[in-house]
Amino acid sequence: MSEKEKRSAGGLKIAFEHSSKMGMSKKRRIGGTVKTILLLILAVIWLIPILWLLVTAFSAYPGMSRTRFFPENWTLDNFARLFFRPDSILQYVRWFWNTLVISIFTCIVSSIFVLMVSYAFSCMRFPGRQGMIRVSMILGMFPGALSMVAVYFIMKSIGLTNSHVGMVVVYSAGSGLGYLIVKGFMDTVPASLREAAKMEGANELTIFFKVMMPLCRPIIVYQVISAFLGPWSDFMFARLMLNSGLSKDWTVAIGLYNMLDKSLIGQNFSAFCAGGLVISIPIAILFVIMQKYYVEGVTSGSTKG
Amino acid sequence: MAEEVKKKKKSFAETSFAWYFRELGEAVVRGDWAVKGSLLVMGTGFLARKQILKGILVTLVQLAYILCLIFYSLPYLSKFGTLGTVEYQDPKLNPLTFEVEQFPYDNSFLILIHGIVSIFIIVVFLLFYIHNLKQAYALQCAKEKGKPVNSFRQDLQQMLGNKFHLTLLSLPTIGVVLMNILPLLVLIAIAFTNYDKLHMPPGALFTWVGGQNFADLFGGSLSLTFGYAFGKVLVWTLLWAVMATFTCFIGGILLAMLINSPGVKFKKTWRTLFVIAIAVPQFVTLILVRNFFADQGIFNQICQDLGILDLCRKLGLVSPSASFIPFLTDKNWTKVMIILINIWVGIPYQMLIATGVLMNAPKDQMESARIDGASKWQIFRKITIPYILVVQGPALITDFVRNINNFNVIYLLTQDVYITQDPGMYKSNAKEVDLLVTWLFRLTQEEQNYKMASVIGIIVFIISVVFTFISYSRLMKGGREEDYQI
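Chains H and P supply the protein sequences, listed in that same order.
Position 67, counted from 1, in the first sequence is what my numbering calls 67; the numbers after and before it change by one each time, with no gaps.
Position 82, counted from 1, in the second sequence is what my numbering calls 1082; the numbers after and before it change by one each time, with no gaps.
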C-alpha cells in the first residue's frame, strides 16, 4: 500500500505543483496547513454522529438527552441489559445469533454462486454467453426494492416468510447476478495459464480449483466479506419478510429499529446506541479489511495483465 | 457506421432465430424411426443409440412433466383466465353430520402465482423437448458418419470439461429465475388486476382488469389523488437522484484530491477516519442522525442556544412562533436535510473510488501539458475531469439508478417522523419526501394497494432501463475510453 501511496502522491504532484520552484516549499507549507485544517473540520463533521453513538452507549440516562452531548453519568449497564436482561422487545443476543446464522449461510451460497458465474462468463466461451451477460445486466438493473413485494408473496406461497431459511433464500438466490467485480478480476488473469493447464490434461473443474481459485484470492476475500456483510446491513427485506411481530424472529437491524418505536424511545435510546456500537465494531473491521482487499484485487490486476 | 452494425446484428438475430427452427424441421423430417419416436417418448433417440441411462433419465423427466402438468398446472391454468370464481365462505355447521365444513374456494393469488409458474414450466419443457429432438437427430447423423457415441460416463465428464459452464450456471440461473424473473412477472401481472384492500384473498377474489389501473392513474378516476401524488413523487424522485448522485460524485473527487494533495500528511489516517463513518451500518447511523435532528432533539437545543433558531425566524426559514427548527418534519427542510445527510453517507464511498481512479490518471499527458505551460486549472479541466468522466461514466449511471431506488436513506430518515399536510398526498398514502420506491413499499405495507404499487413498480423499472440505455449508448459512442488506455 505504502508504495502505491507514494506512486499516487508522485503522480498527483504533477497535477498540483508546477509553479515556480522559488519559494515553493513555503507556499506549500501554508497550503498544507490550510488543507489540514479543512480536513480536520470535515473529519469532525463526519465523526460527530459516531462519537455521539459511542458516548451515549455509556450513558446512565436511558432516553435521549436534549441538553447534553456527553452523558452526565457513565455506566456499562446498557451493555449488561443487552446481553443479560432480555425482555419481550429487546432480545439482542437472539437477534445477533439470527443475523449471524443467516449471514453465514448467505455468505456460503452467494459466494459459491458468484464464483461459479464469474468463472463461466470470464474463462469459458460458449454459445449464448453474450446473450446471458446482456440479460443479466438488464436484470441487475431491476432494483430489488421494486420486486420485493412480489418476492414476499412468492415466499409466502411456499411458507417461507418469518423464517430464516426464507431470508437466506431471499439474500442469496439472485446473487449470481453480482458477478461483475469478480469476473472483472478473472478477466485480468492471462489465458495462457489456463491454456497451459489444459495442455497438461486438466479439465475445467481442475483449472477452476487449482489455477483460478489460488490466483483470485484477494477478490475472493472481498467477495466473501461483502456477501457476509449483506444481511447485517440489510433493512428492507428483513422488514418485509420478518413481520410476525415476534421479537425472537428479528435480525439486529429490525430489532434496533423497533427498539426506537415512539413509545419506547424514552427508555431505550441508550440501549439502542450500545446495540449499534456492538454490531458496528465487527462490521467496521470487516469493512475496512474488505476495502483493503478490494483495492489490492483491483490494482493487482493491472500488473498481471 | 452504427447503422451498419445494427443491420448486421439484426440479420444475425434473424438468422439464428430462423436457424433454430430450420434445425428443428430438419430433425423431424430427416430423422429416422428413433428420432421420430422421440417425438412421443423422449428417450427413444438415446435408447436406440445405446445411451440407455440418458434415455431413461430423459423419459423420466418427460413422465414427471406430464404428471406435473395434470396434477399441478392444469387445475391452476384452467382458472387462470378468471383468477377464480368461487368465493370464500365461512365454515358452516352441516346440520346432517354435525361437523364444521369448509367449502372449497378459489384463492386468486395462488392461481396467479402458480399459473405463472406453470406457464414458465411449459416454456422450459418445450425448449428442452426441442433440444432433445435435435440431440437425437445429431446422434443419428453421428452414427451415420461412423463417429463414436459418447457413453454416459463421457457425458458426465464433459460436464466438468468443455461443458463445464452448464454445471456452473445451472444453480445460479435457477436462483435468478426464482428471485428475479418470477417476481418480475408476478409484478407485471398484478398491475393488470384489481388486487387491493377490497379484493384480498383468501376472503375475496380479484380478477384481470386490463389497463384500467394505468388509465386510472393518467387521467381516470384516480388522477386527482394518485395522479397528483404520482407527479409530485416522480419529480422529487428525479430531483433527488440528480442531486444525490452529483453532490456525492463531485464531493468525493474533491475530498480525494484534498487528501492526496501535497502538504497533507497521514493520508491513510485521514481516509480511514472518513471510512469509519460509512463502516457503521446505515440503519444505525441514519436512525441516530434522525434523532440527532429531531424536533425535540439535541441539535435543536444547540441551535437554540447559539441563536440559530432566532436567525432562522428572522430570515423567515421557520414560522415566527416555532419553538424548534423542523429539520425532518417540514417538507422543504426535510428535502434539504435528506440531501445533506446523503452527502454525509455517500462522499466517503466516492472518495475511496475517486482515490483509485486518480491513482491511474494519465500522468504522462499531465506532464506534457505541464511542460507546454498549462496551468493547474487547465490540466484539471482538460485532462483530469474528462478522464474521470470516461472512467466513472458507467458507475455514475449505476449510481443514478441506485439513487432513484434509494430505499434506505429515505425510509430510515422519514418513516414515522415525517407526516404530510397535503390532503391529496395523504389520500394516496404518499408523502412529499417519498421516492417512488418508498411510496410503493408503504402502499403495500400500510394500504395493501398492490395493484397501484405494481403499476408504480413497472413505471420505475421503465424509467431506470430507458435512462440506462440512453446514457450507455451516449457514453459508448465513439469509444473514447481507448484514448486513456495505457
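Note that CB positions come from ideal geometry on N, CA and C, so glycine has one too.
Closer than 7 Å at the beta carbon, the chain P residues around residue i
| i | result |
| --- | --- |
| H/F69 | I1298 |
| H/Y257 | F1283 and I1287 |
| H/I196 | Before going on, a small fix: residue 196 of chain H reads as Ala here, not Ile. Correct list: empty, because the minimum Cβ distance to chain P is about 16 Å. |
As assigned by DSSP and simplified to three states, the class of residue i
| i | result |
| --- | --- |
| P/T1193 | strand |
| P/N1291 | helix |
| P/W1344 | helix |
| H/W250 | coil |
| H/V288 | helix |
| P/E1101 | strand |
| P/L1093 | strand |
| H/S59 | strand |
| H/Y294 | helix |
| H/V93 | helix |
Within 8 Å, strictly: CB atoms of residue i and residue j
| i | j | result |
| --- | --- | --- |
| P/L1127 | P/V1035 | no |
| P/L1273 | H/A43 | yes |
| H/S110 | H/K183 | no |
| P/T1207 | P/N1194 | yes |
| P/L952 | H/V189 | There is simply no residue 952 of chain P to check, as chain P begins at 1001 and stops at 1486 in what is shown. |
| P/D1196 | P/N1403 | no |
| P/F1407 | P/V1437 | yes |
| H/N243 | H/N162 | yes |
| P/I1111 | P/K1145 | no |
| P/L1412 | H/F235 | yes |
| P/N1180 | H/G31 | no |
| P/V1176 | H/L180 | no |
| P/T1245 | P/L1396 | yes |
| P/I1339 | P/T1247 | yes |
| P/V1086 | P/P1104 | yes |
| P/M1452 | P/F1109 | no |
| P/G1252 | P/M1351 | yes |
| H/I158 | P/V1186 | no |
| P/L1182 | P/I1119 | no |
Status (buried if at least 16 other CB within 10 Å, exposed otherwise) for residue i
| i | result |
| --- | --- |
| P/Y1020 | exposed |
| H/M148 | buried |
| P/I1325 | buried |
| P/S1073 | buried |
| P/G1316 | exposed |
| P/K1314 | exposed |
| P/E1432 | buried |
| H/A191 | exposed |
| H/R85 | exposed |
| P/T1082 | exposed |
| P/V1284 | buried |
| H/R239 | buried |
| P/G1031 | buried |
| P/F1218 | exposed |
| P/D1310 | exposed |
| P/A1018 | exposed |
| P/R1290 | buried |
| P/K1050 | exposed |
Partner residues on chain H for residue i, Cβ-Cβ distance less than 7 Å
| i | result |
| --- | --- |
| P/T1468 | M141 |
| P/F1164 | M124, E204 and L205 |
| P/D1416 | K262 |
Contact list for residue i against chain H, beta-carbon separation under 9 Å
| i | result |
| --- | --- |
| P/V1465 | I138, M141 and F142 |
| P/W1344 | I45, W46 and P49 |
| P/V1401 | M141 and P143 |
Partners in chain P for residue i, counting only beta-carbon separations shorter than 8 Å
| i | result |
| --- | --- |
| H/R29 | G1263 |
| H/S233 | P1281, Q1282 and F1283 |
| H/S65 | I1298 |
| H/Y222 | Residues of chain P passing the Cβ test: none, with the nearest at roughly 13 Å. |
Neighbour list for residue i in chain P, Cβ cutoff strictly below 9 Å
| i | result |
| --- | --- |
| H/M186 | Neighbours of H/M186 on chain P: none; closest Cβ ~12 Å, over 9 Å. |
| H/G276 | V1280, P1281, F1283, V1284, T1285, I1287 and L1288 |
Interface residues of chain A facing residue i [CB-CB closer than 8 Å]
| i | result |
| --- | --- |
| P/N1194 | The structure shown contains no chain A; its protein chains are H and P. |
Chain-ordered chain H contacts of residue i [CB-CB under 8 Å]
| i | result |
| --- | --- |
| P/N1405 | P143, A145 and L146 |
Cβ contact (3+ pairs, closer than 8 Å) linking the segment 64–74 of chain H and the segment 285–292 of chain H
no
Counting Cβ pairs, one atom from each stretch, are 3 or more of them under 8 Å apart for the segment 203–218 of chain H and the segment 252–263 of chain H?
no
Is the segment 1381–1396 of chain P touching the segment 1262–1276 of chain P in the sense that three or more CB pairs, one from each, lie closer than 8 Å?
no
Spell out a yes or no on whether the segment 218–238 of chain H and the segment 126–134 of chain H are touching, meaning 3 or more CB-CB pairs, one atom from each, closer than 8 Å.
no
Would you call the segment 70–90 of chain H and the segment 268–275 of chain H touching, i.e. three or more CB-CB distances under 8 Å?
yes
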